[in-house]
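Colleague: Number 60 in UniProt numbering belongs to position 60 of the sequence shown; there are no gaps in the numbering. Before we start, here is the structure in question, set down as structure tokens.
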Amino acid sequence: MRAQAHTLEATVAGLLMLSSLIFALQMTAVTPLSASTSSQHIENQQQATGQGVLAVAAQTGALKPAVLYWNNSSARHHGVDVQRFYTSGPPDNRFGRMLERAFNDNGIAYNVYFRFQNDDGEPITRQYVYSGVPTDNAVTAAHTVTLRDDDPLYDADGTPSGTALGAQNVTYPMPDVGGNLYNTVQVEVVAWRI
């Protein structure tokens, strides 16, 4: 009789423990701000912001002039030093101001790259804006820009210069792939939380 009482007591104690555990698990809710999902939520926002900046820049005519924002006589982008890309902020053009509003003002670091092909069809990547080494949770957004031989380079004030990409003695770093098409450039933004 005593053994049966101990067995019954152990069974009731086990059921009570199991009920408590089930009740406690039901009380825990997973929300978009829970630790496991908040990082993914932030990354999705950053990627959407990058895509949005690129799409608006292309739609408003700010992206192609940013790609062609080139000083032909010094053979580098306007306002950069010897490293040939921007390190102390975005370029002083409309695309740069869009990047600044979307990322700098919200505590998000970003790099911008130009990806294109050389004469042999091999992929080349050039840095445009450098803010540091991306973290493991960095996101990427990209938009393709088509350059033509008659597209002008842009002066420091954002106006078209008298020099076209297909002209003689152009120091632009992307090669002419032939025909009326000069090259195709993928503008890539990599963003991450600081």
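Where a beta carbon is used, it is the ideal one built from N, C-alpha and C, also for glycine.
Residue 222 lies in the alpha helix (DSSP H); which residues open and close that run?
Modeller: In the structure displayed, the chain extends from 1 to 194; residue 222 sits before or after that span and is not available.
Colleague: Please classify Ile42: does DSSP put it in a helix, a strand, or coil?
Modeller: Ile42 falls in the helix class under three-state DSSP.
Colleague: Quick one: measure Cβ to Cβ for Asp151 and Leu68, integer angstroms, because I've assumed they're closer than 8 Å.
Modeller: That pair is a contact at about 6 Å.
Colleague: In whole angstroms, give me the CA-to-CA distance for Pro90 and Ser131.
Modeller: About 9 Å.
Colleague: Go ahead and label His41 buried or exposed: buried means 16 or more other beta carbons lie within 10 angstroms of its beta carbon, across all protein chains shown.
Modeller: exposed
Colleague: Cα separation between Gly178 and Ser39?
Modeller: 45 Å
Colleague: Whose CA, out of Pro123, Thr140, Glu122 and Tyr172, lies closest to the CA of Asn111?
Modeller: Here the closest residue by C-alpha is Thr140.
Colleague: Going by alpha carbons, who is nearest to Asn118 out of Ile194, Asn183 and Ala142?
Modeller: Answer by Cα proximity: Asn183.
Colleague: Give the DSSP-derived three-state secondary structure of Glu188 in the structure shown.
Modeller: strand
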